[in-house]
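Chemist: Residue numbers (my numbering): 21 to 177.
Even for Gly, the Cβ is constructed at its ideal location relative to N, Cα and C.
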């Protein structure tokens, strides 16, 4: 006879939110624009953005008395990411980002998803490149950067 299975929790399916509609702003200010009445400039034409966040390594803490290895969370490391965008002629914000990349500057970045969630971080920019392609591709550029410190995530709800 088959035994009845008791679920470990109740599950109700939900709909996900598309990434379409995401807004990305940047600031070349040295301090967090949200904490000093600064403003965010739009980063126009973005087609792809890397993962945003920090994660730690695992540090072994096994003792001679243990029979299985044991671990603890180590220091967090920041993510390297690329932001790819259509290069628009005459876009002064894109020109400012290119200048910051060529100077190896730090910038602040704030991302807002369509559902209102946000992520804010400072990043060190390490490079700028024009993206290769084929005849029918639009001209794109990309900026390489690494998150510089903690990411502040804010849930809309």
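#1: Since I believe residue 145 is in contact with residue 124 (beta carbons under 8 Å), could you give me their beta-carbon distance rounded to a whole number of angstroms?
#2: At which residues does the beta strand (DSSP E) containing residue 122 begin and terminate?
#3: With a threshold of 16 other CB atoms inside 10 Å of the CB of residue 91, please say whether the residue is buried or exposed.
#4: Specify, as a first and last residue, the run of the beta strand (DSSP E) that residue 2 falls within.
#5: Do you know how far the Cα of residue 109 is from the Cα of residue 158?
#6: Taking the alpha-carbon of residue 140 as reference, which of 147, 130, 134 has the nearest alpha-carbon?
#7: Given a cut-off of 9 Å, decide if residue 77 and residue 58 are closer than it, judged by their beta-carbon atoms.
#8: Specify, as a first and last residue, the run of the beta strand (DSSP E) that residue 146 falls within.
#9: So the beta strand (DSSP E) residue 173 belongs to, where does it begin and stop?
#10: Between which two residues does the beta strand (DSSP E) containing residue 77 stretch?
#11: Compute the Euclidean distance between the alpha carbons of residue 66 and residue 102, then round it to the nearest angstrom.
#12: Helix, strand or coil for residue 27, going by three-state DSSP, please let me know.
#13: In whole angstroms, give me the CA-to-CA distance for residue 22 and residue 33.
#14: State the beta-bridge partners of residue 132 as determined by DSSP.
#15: Compute the Euclidean distance between the alpha carbons of residue 96 and residue 127, then round it to the nearest angstrom.
#16: Helix, strand or coil, according to DSSP, for residue 97 in the structure here?
Modeler: In short:
#1: A Cβ-Cβ separation of about 6 Å places residue 124 in contact with residue 145 under the 8 Å criterion.
#2: No beta strand (DSSP E) contains residue 122, which is instead part of the alpha helix (DSSP H) from 112–123.
#3: Note on residue 91: under 16 other CB atoms within 10 angstroms of its CB, so exposed under the neighbour-count rule.
#4: It is not possible to answer for residue 2, since the shown part of the chain is limited to 21 through 177.
#5: Taking the straight line from one Cα to the other gives about 12 Å.
#6: That would be 130, whose Cα lies nearest to the Cα of residue 140.
#7: No, the pair does not count as a contact, with Cβ atoms beyond the cut-off.
#8: Counting along the chain, the unbroken beta strand (DSSP E) around residue 146 starts and ends at 138–151.
#9: Segment 172–174, the beta strand (DSSP E) holding residue 173.
#10: Counting along the chain, the beta strand (DSSP E) containing residue 77 begins and ends at 74–80.
#11: Spanning the two alpha carbons is a distance of roughly 11 Å.
#12: Note: residue 27 maps to coil in three-state DSSP.
#13: Residue 22 and residue 33 have their C-alpha atoms some 27 Å from each other.
#14: Partner residues in the beta bridge of residue 132, as assigned by DSSP, are 43, 138.
#15: The alpha-carbon atoms of residue 96 and residue 127 are separated by roughly 20 Å.
#16: Here residue 97 sits in strand by DSSP.
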